[in-house]
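So this is what it looks like as structure tokens:
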């Protein structure tokens with residue numbers, strides 16, 4: 141089974157992508173999304189600290205905040221990026 145490619149966007153424009161590592165419901169609220177091999181496109185303008193929208197297959201997670209970085213920079217690659225969202229993933 142191939143790892144899904146995940147789209148990262150903000151304000152209606154795609155800014156990057158990565159491979160889905162995990163999508164874990166948080167006991168308290170929302171979910172945590174871990175991406176691997178993340179690339180942020182060069183030359184795009186966006187708010188480097190977020191919030192971001194993460195699209196996994198057909199599922200969209202809005203208002204995603206960064207957990208393990210303060211911000212993402214255009215033209216940069218990241219080994220692992222963790223996002224947190226208030227949206228709970230729908231199982232099934």
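Residue numbers (this note's numbering): 141 to 232. The beta carbon of each residue, even a glycine, is placed where N, CA and C say it ideally should be. Bear in mind the structure is a predicted one, so any value in this text is a computation, not a measurement.
{"Check": "On a CA-only basis, which of 207, 215, 198, 191 is nearest residue 229? Give me that one, please.", "Outcome": "198"}
{"Check": "In angstroms with no decimal places, state the Cα-to-Cα distance between residue 186 and residue 155.", "Outcome": "8 Å"}
{"Check": "Just the Cα atoms here: how many angstroms apart are residue 145 and residue 221?", "Outcome": "14 Å"}
{"Check": "Here's the rule I'm using: 16 or more other beta-carbon atoms within 10 Å means buried, otherwise exposed. How should residue 193 be labelled?", "Outcome": "buried"}
{"Check": "Quick one: residues in its chain with C-beta nearer than 7 Å to the C-beta of residue 160, no 5 flanking neighbours on either side, listed in chain order?", "Outcome": "143, 144, 146, 175, 196"}
{"Check": "With DSSP run on the structure shown, which of helix, strand or coil describes residue 219?", "Outcome": "strand"}
{"Check": "Looking only at its own chain, which residues have a Cβ that is under 7 Å from the Cβ of residue 165, when we skip the five neighbours before and after it?", "Outcome": "171, 228, 229"}
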